[in-house]
Amino acid sequence: MRIDIISVVPELLESPLNQSILRRAQEKGLVEIVVHNLHDYAHDKRKTTDDYPFGGEAGMVMKCEPVFELIEKLQSERDYDEIIFTSPDGITYDQHEANRLSTLGNIIILCGHYKGIDFRIREHLITREISIGDYVLTGGELAAAIITDSVVRLIPGAIGDEESALTDCFQDDLLAPPVYTRPADFRGWKVPDVLLSGNFAEIEKWKETQAYERTKQLRPDLLEKLE
Ligand code: ADE
1 MRIDIISVVP ELLESPLNQS ILRRAQEKGL VEIVVHNLHD YAHDKRKTTD DYPFGGEAGM
61 VMKCEPVFEL IEKLQSERDY DEIIFTSPDG ITYDQHEANR LSTLGNIIIL CGHYKGIDFR
121 IREHLITREI SIGDYVLTGG ELAAAIITDS VVRLIPGAIG DEESALTDCF QDDLLAPPVY
181 TRPADFRGWK VPDVLLSGNF AEIEKWKETQ AYERTKQLRP DLLEKLE
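Residues 1 to 227, numbered by this note's numbering, are exactly what the sequence shown covers, in order.
Written out as structure tokens, the structure is:
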């Protein structure tokens with residue numbers, strides 16, 4: 001898989017994309033993540049990527065020319081399955097969308113900035129607009145990092161025990177059951193007996209019940225969706 005991320009503040013993406021599982025997935029050749037500085041595609045002296053809005057609104061707007069030039073250059077080099085724009089207007093990101101994106105070959109993520117982007121970019125280039133929640137960020141970089149992180153960990157081989165991505169919280173629209181490690185007794189707080197029993201059928205049953213009960217208590221909306 002290849003993920004191209006377009007940003008006016010690429011420094012914001014450096015650390016989140018180059019640690020831990022994401023770094024190892026790139027080293028193993030499972031994913032290629034390329035961050036582009038949009039300023040490199042602005043041809044005036046000041047490398048301007050934004051301009052004043054027509055109609056006198058407050059704030060600046062991301063210009064068409066650098067975005068079209070860069071995306072069309074990328075498209076001339078390979079096919080892209082999705083060109084994503086990170087924006088509070090988009091569909092709300094969830095595990096289903098992460099699963100879908102993880103099965104794609106090449107994607108572009110354009111990080112929104114300023115007051116917004118020229119609407120012609122959204123009309124003629126963007127195929128998907130994604131919001132990570134109903135709140136406004138300074139820019140789309142953190143949203144792009146979240147999308148990339150959640151997608152890359154689903155690529156087979158990205159995490160050691162492949163099964164653990166399949167048993168993630170939300171994979172079956174349920175929260176994950178509690179987990180414990182040693183010691184079995186910490187300050188008198190004991191790990192549930194069933195987990196020490198070695199009876200795997202019972203352990204599975206316990207996990208399923210716990211996942212259901214925790215979801216009912218903490219996120220009843222997920223159960224409503226299931227029904
Ligand atoms: N850019 C600004 N706010 C955002 C959000 N909530 N999701 C995605 N991109 C954004």
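The beta-carbon is built from N, C-alpha and C at its ideal position, and this holds for glycine as well.
Of all Cβ atoms in chain B, is any one closer than 8 Å to the Cβ of Tyr114?
Chain labels in this structure do not include chain B; a single protein chain is all it has.
Pick from Val191, Glu208, His113, Asn106: whose alpha carbon is nearest that of Val152?
Closest by C-alpha distance to Val152, out of Val191, Glu208, His113, Asn106, is Asn106.
Start and end residues, alpha helix (DSSP H) containing Ile126
That residue, Ile126, is in no alpha helix (DSSP H); it is neither H nor E in DSSP.
Taking 7 Å as the cut-off, is the C-beta of Ala143 nearer than that to any heavy atom in ligand 1?
At least one heavy atom of ligand 1 is found less than 7 Å from the C-beta of Ala143.
Beta bridge counterpart(s) of Arg2 as assigned by DSSP:
Partner(s): Glu32, Asn106.
Proximity winner among Ile130, Leu22, Arg128, relative to Gly160 (alpha-carbon distances):
Checking every option, the nearest Cα to that of Gly160 belongs to Leu22.
What does DSSP give as the partner residues of Asn37 in its beta bridges?
Beta bridge pairing from DSSP links Asn37 with Ser7.
Quick one: residues in its chain with C-beta nearer than 6 Å to the C-beta of Tyr80, no 5 flanking neighbours on either side, listed in chain order?
Spatial neighbours of Tyr80 in its own chain (CB-CB distance under 6 Å, excluding positions within 5 residues in sequence) are listed in chain order as Asn106, Ile108.
Let me check understanding here. Comparing Cα to Cα, which of Asp44, Phe119, Asn18 lies closest to Ile33?
Put simply, of Asp44, Phe119, Asn18 the residue whose alpha carbon is nearest the alpha carbon of Ile33 is Asn18.
Which whole-angstrom value describes the C-beta separation of Val67 and Asp51, a residue pair presumed to lie in contact below a C-beta threshold of 8 Å?
No, Val67 and Asp51 are not in contact; Cβ-Cβ is about 12 Å, not under 8 Å.
Is the beta carbon of Gly140 sitting closer than 8 Å to the one on Lys28?
No. Outside cutoff.
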